[in-house]
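There are 2 protein chains.
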Amino acid sequence: MLSQKTRYAMVALTRLAREYGNGAMLISELAKSERLPQRFLENILLDLKKMGILGSKLGKSGGYFLLRHPKDVNLAEIVRQFEGPIALLSCVSEKAYQSCEFCKDETLCNIRKVFKEIRDLTFEKLENATLEELIKTSPL
Amino acid sequence: MLSQKTRYAMVALTRLAREYGNGAMLISELAKSERLPQRFLENILLDLKKMGILGSKLGKSGGYFLLRHPKDVNLAEIVRQFEGPIALLSCVSEKAYQSCEFCKDETLCNIRKVFKEIRDLTFEKLENATLEELIKTSPL
DNA sequence: CAAATGTACACTAAAATGGTGAACATAGTG
DNA sequence: CACTATGTTCACCATTTTAGTGTACATTTG
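So the protein sequences, as listed, match chains A and B. So the first sequence is numbered by this note's numbering: it starts at 1 and just counts up by one. So the second sequence is numbered by this note's numbering: it starts at 1001 and just counts up by one.
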């Protein structure tokens, strides 16, 4: 299961994506309106800023805002940052590959094959889930 | 990422599936030949016994053996037991569903939609991964 | 009975999770 | 310039999870 941190990040980002183009939003307002713990949220927003996804302004009328266009931020990047590898086994991870201590030949391992397929499908779904897609309202 | 416990369980089970029909195998032999920490493995095998997947015999020439046919044990069951829910969000879990504290209407939530698709694909792959499939040797 | 096995239950060290506290830096306003 | 509202930094903390280990016990076979 995803950590609270990742879930909070997704909620905060989709909100900031809806506000895209409207200037900065206060942490306090974001926390209150989305029901996120403010102090914890501060850490998360700071991480997102360091990733180059959010920008911030200090002082009066300061706050956070989405730097990139919502179509240029996807969940794969967010999940990687806050959860670590998308893969369930390091032997099928793209960014954090480590060879398996059990396998003599990974190409013949059927366990690996299953988890490789799962990783690839999961990654594809997460990568296609841009903030733009996430804030689209379903047709009635 | 999957825990060591889950990985060890998968390794032990595929080995016992290969030995299916050959009687009991010593924990010590299983641990040594598959390079698993024996004491930790004992806990895992006990869990698998309680799940009705393994049987055991005490005393001399005792040990563990697969109770069910290898085609009747799949990774979905194993992952659920040792990792908890297959879903990444409780709002898309089948066995551990919990409503989302953020959503007003889950049917309209696009985040949920993404993770529901991921859950369903993952579950399908894990369910089709029976021990019988896992021990098949690839054709040359 | 003795030895070889699995069983039970408690315990522990280290890491991850989900935060909080206190002081500081910066930008805008009067 | 001083004040105040904001974000920033860094350290700290309690709880839970992970990955085991310790010790004693129960059962079967020879």
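Think of the CB as a built atom: it goes at the ideal place given N, C-alpha and C, for glycine as much as any other residue.
Look at residue i and residue j and say whether their C-beta atoms are less than 8 Å apart.
{"i": "Leu-1054 (chain B)", "j": "Leu-1066 (chain B)", "result": "yes"}
{"i": "Tyr-64 (chain A)", "j": "Ala-17 (chain A)", "result": "no"}
{"i": "Thr-1006 (chain B)", "j": "Leu-1134 (chain B)", "result": "no"}
{"i": "Ile-1086 (chain B)", "j": "Arg-1119 (chain B)", "result": "yes"}
{"i": "Ile-44 (chain A)", "j": "Tyr-8 (chain A)", "result": "yes"}
{"i": "Leu-1088 (chain B)", "j": "Leu-2 (chain A)", "result": "yes"}
{"i": "Lys-1060 (chain B)", "j": "Glu-117 (chain A)", "result": "no"}
{"i": "Leu-1026 (chain B)", "j": "Ala-1012 (chain B)", "result": "no"}
{"i": "Glu-1141 (chain B)", "j": "Cys-1100 (chain B)", "result": "Chain B is shown only over 1001 to 1140; residue 1141 (chain B) falls outside these bounds and no answer can be derived."}
Please name the residue, chosen from the options, that lies closest to residue i on a Cα-to-Cα basis.
{"i": "Ala-76 (chain A)", "options": "A:Tyr-8, A:Leu-16, A:Leu-131", "result": "A:Leu-131"}
{"i": "Ser-28 (chain A)", "options": "A:Lys-116, A:Ala-129, A:Gln-38", "result": "A:Gln-38"}
{"i": "Lys-1050 (chain B)", "options": "B:Gln-1081, B:Asn-1074, B:Gln-1098, B:Leu-1026", "result": "B:Gln-1081"}
{"i": "Met-10 (chain A)", "options": "A:Leu-26, A:Leu-48, A:Phe-123", "result": "A:Leu-48"}
{"i": "Val-1073 (chain B)", "options": "B:Tyr-1097, B:Asn-1128, B:Ser-1033, B:Gln-1098", "result": "B:Asn-1128"}
{"i": "Phe-115 (chain A)", "options": "B:Phe-1115, B:Val-1114, B:Phe-1123", "result": "B:Phe-1123"}
Looking only at its chain, what residues have a beta carbon closer than 8 Å to the beta carbon of residue i, apart from the 5 residues adjacent to it on each side?
{"i": "Cys-1103 (chain B)", "result": "Cys-1091, Cys-1109, Arg-1112"}
{"i": "Glu-83 (chain A)", "result": "Leu-2, Ser-3, Thr-6"}
{"i": "Gly-62 (chain A)", "result": "Ala-24, Leu-26, Ser-56"}
{"i": "Glu-42 (chain A)", "result": "Ile-27"}
{"i": "Gln-98 (chain A)", "result": "Ser-90, Cys-91"}
{"i": "Ala-1096 (chain B)", "result": "Gly-1084, Pro-1085, Ala-1087, Ser-1090"}
Would you list the residues sitting across from residue i in a DSSP beta bridge?
{"i": "Lys-1057 (chain B)", "result": "B:Gly-1063"}
{"i": "Thr-130 (chain A)", "result": "A:Asn-74"}
{"i": "Met-25 (chain A)", "result": "A:Tyr-64"}
Among residues of its own chain, excluding the 5 on either side of residue i, which ones have a beta-carbon nearer than 7 Å to its beta-carbon?
{"i": "Lys-71 (chain A)", "result": "Thr-130, Glu-132"}
Check whether the Cβ of residue i lies closer than 7 Å to any heavy atom of the ligand ADP, and answer yes or no.
{"i": "Met-1051 (chain B)", "result": "The model on display carries no ligand, and the ligand ADP is accordingly not part of it."}
In its own chain, which residues sit with a C-beta less than 6 Å from the C-beta of residue i, not counting the 5 before and 5 after it?
{"i": "Ser-1033 (chain B)", "result": "none"}
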